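Trainee: My questions all concern the structure below.
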Amino acid sequence: MLIDLRLTGKTVMVIGGGVEATRKIQSFLDSEAKIWVISRDFTSELQKLGEEKRVALLKTGIKDAQVFVDSLSPKPYVLLAATNNPALNLELVKAAKNYGCMVYAIDNPELNDFILPAVAHVGDVKIAVSTGGKSPAMAHVLRERVEKMVTPQDLLAIQLQEKARAALKGKVLDQKERSKILYEILNSEGIKKALSEGKTAEAEELAIQLIEKGANQT
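Structural data, given as structure tokens:
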């Protein structure tokens, strides 16, 4: 089961500044979480993210995982252990679990509270692809295929649906009726044609007509 966590304002702490840590951090960059990265060294990409204030970098080592986690105040919502020391990663996630943190270790999947899928981002569309940890490489291949499937027309249809939903809430009280009208807008050949030609104003006008028609029938 894939769940998209709302991490806005929450602290995500990543221990490790290498290639694996850099890859895993990508999954959190658009989450509006407060991302802290703890390591003695950082990849050039992480250094750039730090300069852009997208992550906070703390250059230090960790000698004792339990002492380190005990010292954190407040505790992070998510702790991700991505060092090149499997024993340290294990101790970090164990200590963090005792405080109720969600944990992820790059080399101990059986201890992880979640899976980091390959995520396709195209406009407002976000699609997670997971192989259940069996093949991260294949997950990335499938992600690239999925990204090519989403068209500009699809993105315009999403924007139109957002506007239609907002308009319907003030005109049609019944949720089932609102859903029915939204599908009529989605499946309208006239609207599809307008969107395919980039005529968003025309598509919006046709959508308004369907909304008014539906509102008058309820």
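Residues in the sequence shown are numbered from 3 upward in steps of one, following the working numbering. Just so you know, even glycine gets a beta-carbon here, dropped at the ideal spot from N, CA and C. Because the structure is a prediction, the values reported are computed rather than measured.
I117 by DSSP, collapsed to three states: which one?
Mentor: Counting from 1 along the sequence shown, the entry for residue 117 is found at position 115. Here I117 sits in coil by DSSP.
Trainee: Pull up the DSSP beta-bridge partners for M104, would you.
Mentor: Sequence index remark: in the sequence shown, residue 104 carries index 102 (1-based). M104 is bridged to V80.
Trainee: Do I40 and F30 have their CB atoms nearer than 7 Å?
Mentor: Residue numbering aside, residue 40 sits at position 38 when the sequence shown is read from its first letter. Residue numbering aside, residue 30 sits at position 28 when the sequence shown is read from its first letter. Not a contact, by the Cβ cut-off of 7 Å.
Trainee: Could you please give the first and the last residue of the uninterrupted alpha helix (DSSP H) stretch that includes L94?
Mentor: As a working mapping, residue 94 is identified with position 92 in the sequence shown. Counting along the chain, the alpha helix (DSSP H) containing L94 begins and ends at P88 to K99.
Trainee: Quick one: is V21 buried, meaning 16 or more other Cβ sit within 10 Å of its Cβ, or exposed?
Mentor: One-based indexing of the sequence shown puts residue 21 at position 19. V21 is exposed by the Cβ-count criterion.
Trainee: Please state whether DSSP places I129 in a helix, a strand or coil.
Mentor: On the sequence shown, position 127 is the one that residue 129 refers to. I129: strand per DSSP, three-state reduction.
Trainee: Straight-line CA distance for K178 to L162?
Mentor: Here residue 178 is taken as the residue at index 176 of the sequence shown, counted from 1. Here residue 162 is taken as the residue at index 160 of the sequence shown, counted from 1. Taking the straight line joining both Cα atoms gives about 19 Å.
Trainee: For T13, report the span of its beta strand (DSSP E) as first-last.
Mentor: As a working note, residue 13 is residue 11 in the sequence shown. Note, T13: beta strand (DSSP E), T13 to I17.
Trainee: Excluding five sequence neighbours on each side, which residues of the same chain lie with their C-beta closer than 6 Å to the C-beta of E149?
Mentor: In the sequence shown, the residue the question calls residue 149 occupies position 147. Closer than 6 Å at the Cβ level, and outside the excluded window around E149, lie A122 and V124.
Trainee: Just confirm the distance between the C-beta atoms of F221 and L59, as a whole number of angstroms; I'd bet it's less than 8 Å.
Mentor: Look at the range of the chain in this structure, 3 to 220, and you will see that residue 221 is not part of it.
Trainee: Check K182 in the structure and name its three-state DSSP category.
Mentor: One-based indexing of the sequence shown puts residue 182 at position 180. Correct three-state label for K182: helix.
Trainee: In the DSSP output, what is K61 paired with across the bridge?
Mentor: Locating residue 61 in the sequence shown gives position 59, counting from the first residue. DSSP output for K61 lists S41 as bridge partner(s).
Trainee: For A122, which of helix, strand or coil comes out of DSSP?
Mentor: For the purposes of this step, residue 122 is taken as the residue at position 120 of the sequence shown. The answer is strand: DSSP assigns A122 an E or B state.
Trainee: Which of the three DSSP states is assigned to K150 in this structure?
Mentor: Your numbering for residue 150 matches position 148 in the sequence shown. Here K150 sits in helix by DSSP.
Trainee: Determine the direct distance from the alpha carbon of R147 to that of V280, and round the result to whole angstroms.
Mentor: Only positions 3 to 220 of the chain appear in the structure, and residue 280 is not among them; the question remains open.
Trainee: Identify whether K173 lies in helix, strand or coil by the three-state DSSP scheme.
Mentor: Reading the sequence shown from its first residue, position 171 is the one you call residue 173. Here K173 sits in coil by DSSP.
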